[in-house]
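Before any comments, here is the structure.
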Amino acid sequence: MTAILAETAPLDVPRTVQAACPHDCPDTCAMRVTVQGDKVIRLQGDPDHPTTNGALCTKVSRYAERTEHAERVLNPLKRVGPKGEGRFVEVSWDEALDDIAARLAGIAARAPEAILPYSYAGTMGMVQGEGMAARFFNQLGASRLDRTICSSAGGDALAATYGAKVGMHVEHFAESRLIVIWGSNSIASNLHFWPIALAARRAGATLVCIDPRRTETAEKCHHHLALTPGSDGALALAVMHELIVNDWLDHDYIERQVDGWAGLRERALAWTPERASVECGLTAAQIREFAQLYGLTSPAAIRLNYGMQRVRGGGNATRLIALLPCLTGAWRHRAGGMLLSSGGWFLPFRNLQLGHPELLAGRTPRTVNMSTIGDDLLRETGEALPDGRVFGPRIEALVVYNSNPVAVAPQSRQVTSGFRREDLFTVVLEHFLTDTADHADYVLPATTQLEHWDVHASYGHTYLVINEPALTPRGQSRSNAAIFRALAQRMGFTDACFEDDDEALARQAINGPVPFEQLREIGWAKLPLPDAPFADGGFPTADGRVKCDVPGIGLPDYLPPYESVRSSPELARRFPLAMISPPARNFLNSTFVNVKSLRAIEQEPVLEIEAADAATRGIADGDEVRVFNDRGEYRCVARVNERARPGVVHGLGVWWRKFGLDGTNVNELTHQRLTDMGRAPSFYDCLVEVERAETA
Ligand SMILES: Nc1nc2c(c(=O)[nH]1)N[C@H]1C(S)=C(S)[C@@H](COP(=O)(O)OP(=O)(O)OC[C@H]3O[C@@H](n4cnc5c(=O)[nH]c(N)nc54)[C@H](O)[C@@H]3O)O[C@H]1N2
Ligand SMILES: Nc1nc2c(c(=O)[nH]1)N[C@H]1C(S)=C(S)[C@@H](COP(=O)(O)OP(=O)(O)OC[C@H]3O[C@@H](n4cnc5c(=O)[nH]c(N)nc54)[C@H](O)[C@@H]3O)O[C@H]1N2
Ligand SMILES: [Mo]
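Reading the sequence shown from the start, the letters are residues 1 to 696 in full-length UniProt numbering.
Here it is in structure tokens:
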């Protein structure tokens, strides 16, 4: 009754809607949106939701500005100029859908695998993510996409070690005595973790940050270990060495809960701090001091993030780090252990059949890795792949949603050449004319989070969060699910599942932990999980024990980077600087780059470089520089500062190419070689050289 009243209440009476931040961020905030007359008058973090705690980041507090942005795509667009130029005319939905359906049907009749969906986490929602889209592509028999661009190295490593992507409850870090923030810049990209770490610090905890960059987070910790990129595995092995030789091990916990320690123990004994110091660019004393702190402080907690796994050995390093709290028995305490991702905790509450895999009807289409889209768009039918497989049909059509691959995928030269193929039929569902949309044959206007239904899991906390539409869709925009529904109808797909509307999808997406109506009322629900999940073992492996030695892959080891001064000295003679490209604080990957107020804070694409590295190259703060290697070059502005350590430079954030200094961004320089596990890109495993740009 109350729900009906609310829906029919006059538009000018303010009403509040429970929402969820849709972005790819561990925080997945619960939001309250107050609307009057179909306008947002207030958007705030839900004060009752424990981790959001009433606060939103700078970016998302401007979400209404993004939704009402003057440059939003509000009508279907059809390309008129050459690919990449971004010239379009408005067309009707009927014209766009009829033409797209005809083109896709034509290709599907010959080779359905020549059609490739390309999507990632522009929204993390279960409905507007793969909900209806997966049904559509399953029915079509299109190629499947291996969604590896962010977290699959660390994710697969956790699955191999613990059995799933599970970890501590984030709230419990407040009670830790030692917090190790490892490969993570909490203040920039996991903001709601930071007040929890501060609460621990006020209560006397020590904070350590392990990051090549002196980030805004690192400078606020008690200790900062500025190791060289990709050397975390060596550091973890040396910490193990110290735990063993000083006997800071919990033998009882190891005995009962850890498999394969004897082999790993032997390996770790070869990793003295002296040996690791050469790999890590730290002193042996720094490593000993850290190991002692870790070995002797209880409860000790590690907040690992994905920054450290974007290198060749990222999977192995994650395995080694994930084993540390098992060796010290830190898991016995609710404030001990580690958290990389909480995503696995949601699996029992998610409907894993939401995408109706049975529509494949026995077909097993090939899989294309999103991280090698640059190479794969340029491949011919039947081409032999480096791993011995055969490519299958050339990609003839791409349907892109929730992603901006032209900006975010590695090795841009290849990526843009692929997207510029005149024989490639590209459809992009978007809010804005991104670099990717500029390459589309059709751009279809998608709704934003304020205009559609969704339900969200999180990878940084353990609450399910709901999102109800607050506004009517702007212009002619439609939700992703609605667009795939309409395409399915045009293609003549008759399965009843193609009739489910967005609210029905939201209801189907989850199975508890509270009834859907209750979720709507409160906005979020905590998963029913034990407080200290592994105090007595019970890891989600087959036998409940942690794995050092994994069948088929063996023991974890340190794998040096593909590209570094130590591992590739020949290459380093020409390109002596290691470049990482972590997030810019005011962007979210490439999202928000077009929001002027946020771009104004970031100012321009920058490369941080240390004073001596700059001086030997005649580079002064504020100079325009050319960053280059054999793969490409990137123009940006040098910031000579103490955030960079010698030998390492930072190309911050994923700028839209068209906002860059000469239409490039940092991915001109990155490569498509994959990580040791998870088939992920090694964005932060990249050598470059820098010089002052010639001033014209
Ligand atoms: N503001 C903002 N927030 C974001 C994002 C964003 O773009 N902007 N991105 C979101 C996404 S997609 C993700 S996946 C998450 C997590 O995204 P991540 O990419 O994990 O980002 P951070 O947590 O900031 O961790 C990156 C940190 O790792 C450091 N790092 C780089 N290489 C190494 C290394 O070899 N070893 C170690 N120890 N550290 C290294 C970087 O200097 C950086 O400070 O954040 C999300 N949150
Ligand atoms: N060099 C370098 N490259 C990187 C990284 C790095 O650290 N360094 N980070 C990597 C990481 S961690 C990630 S996760 C990837 C991220 O790569 P992407 O997942 O491509 O993320 P975004 O760049 O944020 O682009 C998401 C797009 O989705 C759109 N979108 C949002 N919501 C919706 C919706 O409801 N419907 C539709 N149709 N569209 C929507 C947004 O407008 C935006 O353009 O980038 C990777 N690339
Ligand atoms: Mo990511």
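Every residue gets a Cβ at the ideal spot worked out from N, C-alpha and C, and that includes glycine.
- prompt: Could you give the residue range of the beta strand (DSSP E) that holds ASP376?
  reply: No beta strand (DSSP E) holds ASP376; the alpha helix (DSSP H) holding it covers 373–376.
Near ligand 2: TYR401 beta-carbon under 7 Å from a heavy atom: A heavy atom of ligand 2 is found nearer than 7 Å to the CB of TYR401.
- request: Taking all protein chains shown into account, decide if LEU207 is buried (16 or more other Cβ within 10 angstroms of its Cβ) or exposed.
  value: buried
message: Given 7 Å as the limit, tell me if PHE587 has its C-beta closer than that to any heavy atom belonging to ligand 1.
response: Set against 7 Å, the gap from the CB of PHE587 to the closest heavy atom of ligand 1 is smaller.
query: Going by C-alpha distance, which of MET579, ARG32 and THR367 is nearest LEU116?
result: In this structure, THR367 is the residue among MET579, ARG32 and THR367 with its C-alpha nearest to the C-alpha of LEU116.
message: Please report the straight-line C-alpha distance between ILE196 and ASN190, rounded to a whole angstrom.
response: 11 Å
- prompt: On the premise that ALA30 lies in contact with GLY523, defined as a C-beta separation below 8 Å, what is that separation, rounded to the nearest angstrom?
  reply: Contact flag correct, Cβ pair sits at about 5 Å.
- request: Could you check how far apart the C-beta atoms of LEU669 and ARG631 are, in whole angstroms? I think they sit under 8 Å.
  value: 6 Å
task: With PRO325 as the anchor, note down where its alpha helix (DSSP H) starts and where it stops.
output: 314–327
- request: Could you have a look at ALA645 and say whether DSSP puts it in helix, strand or coil?
  value: Residue identity check: residue 645 is Arg in the sequence provided, not Ala. Coil at ARG645, not helix or strand.
task: Check whether the segment 480–498 touches the segment 94–113, taking contact to mean three or more Cβ pairs, one atom from each stretch, closer than 8 Å.
output: yes
- prompt: How close, in whole Å, do the beta carbons of ASN480 and ALA133 come, if the pair is a contact with beta carbons under 8 Å?
  reply: 6 Å
Every unbroken beta strand (DSSP E) inside the segment 645–680 [3 residues or more]: Those beta strand (DSSP E) runs which fall completely within the segment 645–680 and span 3+ residues are 648–651.
task: Mind checking who SER119 pairs with in its DSSP beta bridge?
output: TYR401
query: Which residues in the same chain as ALA276 place their Cβ atom closer than 7 Å to its Cβ, once the five residues preceding and following it in sequence are excluded?
result: ALA234, LEU235, LEU237, ALA238 and ILE287
message: Is ASP24 close to ligand 2? I mean its beta-carbon at under 7 Å from any heavy atom of the ligand.
response: yes
task: Going by CA-CA distance only, name the one from SER458, ARG310 and GLU503 that's closest to MET677.
output: ARG310
message: Measuring alpha carbon to alpha carbon, tell me which residue in GLU279, GLY167 and GLU358 is nearest HIS333.
response: GLY167
message: Pop quiz: VAL170 and HIS461 are said to be a contact at Cβ under 8 Å. What is the actual Cβ separation, rounded to whole angstroms?
response: Right, the Cβ-Cβ distance comes to about 5 Å (below 8 Å), so this counts as a contact.
task: Determine contact between the segment 254–268 and the segment 351–371, defined as no fewer than three beta-carbon pairs at a distance below 8 Å.
output: Inter-segment contact for the segment 254–268 and the segment 351–371 is absent: fewer than three beta-carbon pairs are separated by less than 8 Å.
query: Which residue from HIS452, THR67, ALA291 and ILE609 puts its Cα closest to that of GLY647?
result: When only C-alpha atoms are compared, the closest one is ILE609.
task: Give the single residue among PHE484, HIS452, ILE210 and GLU642 whose Cα lies nearest to the Cα of PRO473.
output: PRO473 has its Cα closest to that of HIS452, out of PHE484, HIS452, ILE210 and GLU642.
message: So, under 8 Å CB-CB, ASN53 and SER184 are touching, yes? Tell me the CB distance rounded to an integer number of Å.
response: That belief does not hold up - the Cβ atoms of ASN53 and SER184 are roughly 19 Å apart, past 8 Å.
- prompt: What do you reckon, are the CB atoms on ALA300 and SER186 nearer than 8 Å?
  reply: no
Per-residue DSSP class, three states only, for LYS596: helix
For ASN467: DSSP bridge partner residues: ASP454
- prompt: If TYR562 and ARG673 are in contact, beta carbons under 8 Å, what's the gap, nearest whole angstrom?
  reply: 5 Å
- request: Examine ligand 1 and report whether any of its heavy atoms sits within less than 7 Å of the Cβ of ARG213.
  value: At a cut-off of 7 Å, the beta-carbon of ARG213 counts as near ligand 1: some heavy atom of the ligand is closer than that.
task: Whole angstroms is fine: what's the gap from GLU694's alpha carbon to PHE587's?
output: 29 Å
message: Can you tell me whether GLN257 is buried or exposed? The criterion is at least 16 other CB atoms within 10 Å of its CB, across all chains shown.
response: buried
message: Contact defined as beta carbons within less than 8 Å: I believe TYR162 pairs with PRO540. What is the distance between those atoms, to the nearest angstrom?
response: TYR162 to PRO540, Cβ: 7 Å. Contact.
field: Among VAL443, HIS172, LEU385 and SER371, nearest to VAL415 - alpha-carbon criterion
entry: SER371
- request: Tell me where the alpha helix (DSSP H) around GLU65 begins and ends.
  value: 63–67
query: By the 10 Å Cβ neighbour count, where 16 or more other Cβ atoms means buried, how is GLY618 classified, buried or exposed?
result: exposed
message: With a threshold of 7 Å (Cβ to nearest heavy atom), would VAL565 be considered close to ligand 1?
response: no
field: Contact set for LEU359: own chain, Cβ-Cβ below 8 Å, skip 5 residues either direction
entry: ARG135, ASN138, GLN139, ASP495 and CYS497
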